[in-house]
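Shown next, in structure tokens, is the structure this report addresses.
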Amino acid sequence: MSSFQRKRDRENKQNNYNTSELATVTSSDTGQGINANGVGEYREIPLIAPFGIRWNPPSGKSVELIKNWFNGKTIVAVGTEVDTTIPAGETEIYSMGGATIRCKNNGDVVINNAVVIKKDGSVVIQNNMSVNGDVTINKSLNVTDGITTNGTVKAGDFKTI
Numbered sequence: 008m009s010s011f012q013r014k015r016d017r018e019n020k021q022n023n024y025n026t027s028e029l030a031t032v033t034s035s036d037t038g039q040g041i042n043a044n045g046v047g048e049y050r051e052i053p054l055i056a057p058f059g060i061r062w063n064p065p066s067g068k069s070v071e072l073i074k075n076w077f078n079g080k081t082i083v084a085v086g087t088e089v090d091t092t093i094p095a096g097e098t099e100i101y102s103m104g105g106a107t108i109r110c111k112n113n114g115d116v117v118i119n120n121a122v123v124i125k126k127d128g129s130v131v132i133q134n135n136m137s138v139n140g141d142v143t144i145n146k147s148l149n150v151t152d153g154i155t156t157n158g159t160v161k162a163g164d165f166k167t168i
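Sequential numbering of the sequence shown, starting at 8, is according to the working numbering.
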């Protein structure tokens with residue numbers, strides 16, 4: 008089969024598929040769109056997302072391609088397969104490196120399963136915390152275990168009970 012015939016067959020398949028298909032990303036977006044293999048090979052596919060969310064699927068991941076109804080031939084990528092289930096109504100943003108931000112149904116925001124910003128604004132840190140800089144506490148400080156320091160501890164006026 009000639010190169011011309013293969014190209015024509017591929018274009019016929021691409022023009023006749025049902026409006027959407029699952030394809031595998033062959034190269035991520037570098038400013039021109041992604042490339043993917045599905046019924047055929049697609050190049051420079053624009054990425055579509057809700058306002059405020061940017062995404063760039065890595066090579067090897069599946070994406071859903073749809074025909075853009077504007078002219079019926081333009082293909083756009085609208086999403087990737089969800090590989091982890093979360094509760095209905097919740098939203099999670101994640102990266103390939105494992106970073107996550109989850110907006111929970113109770114109003115909490117959980118970052119990397121370590122920092123929880125409660126609906127009331129309070130912050131819970133699940134693991135150790137490091138601070139590189141000054142810390143100002145305008146209310147009381149409750150310590151349940153101990154305080155360790157490598158430097159000087161200064162205390163202002165305080166009351167003994």
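Yeah, the Cβ is synthetic: ideal placement off N, Cα and C, and Gly gets one too.
For clarity, every value in this text was computed on a predicted model and none was experimentally measured.
CA-CA distance, residue 66 and residue 33?
5 Å
Can you pull the DSSP bridge partners for residue 144?
DSSP, once it has assigned bridges, lists no residue as partnering residue 144.
For the beta strand (DSSP E) holding residue 92, just list the boundary residues, first then last.
Neither: residue 92 is in no beta strand (DSSP E) and is coded neither H nor E.
Closer than 8 Å is the cut-off here; do at least three beta carbon pairs connect the stretch 80–87 with the stretch 100–114?
no
Specify the secondary structure class of residue 109 as computed by DSSP and reduced to three states.
strand
Note the first and the last residue of the continuous beta strand (DSSP E) segment covering residue 131.
130–132
Residue range of the unbroken beta strand (DSSP E) whose run includes residue 74:
69–74
Host beta strand (DSSP E) of residue 33 (start-end)
27–34
Can you give me the Cβ contacts of residue 158 inside the same chain, cut-off strictly under 6 Å, excluding the 5 residues immediately before and after it?
none
Contact set for residue 88: own chain, Cβ-Cβ below 6 Å, skip 5 residues either direction
69
Give the straight-line distance between the Cα atoms of residue 101 and residue 48, rounded to the nearest whole angstrom.
27 Å
Please report the straight-line C-alpha distance between residue 52 and residue 133, rounded to a whole angstrom.
41 Å
Relative to the C-alpha of residue 58, which candidate in 50, 41, 74, 85 has its C-alpha closest?
85
Where residue 170 and residue 98 are concerned, what is the direct C-alpha to C-alpha distance, given to the nearest angstrom?
Nothing in the structure corresponds to residue 170, since the chain is present only between 8 and 168.
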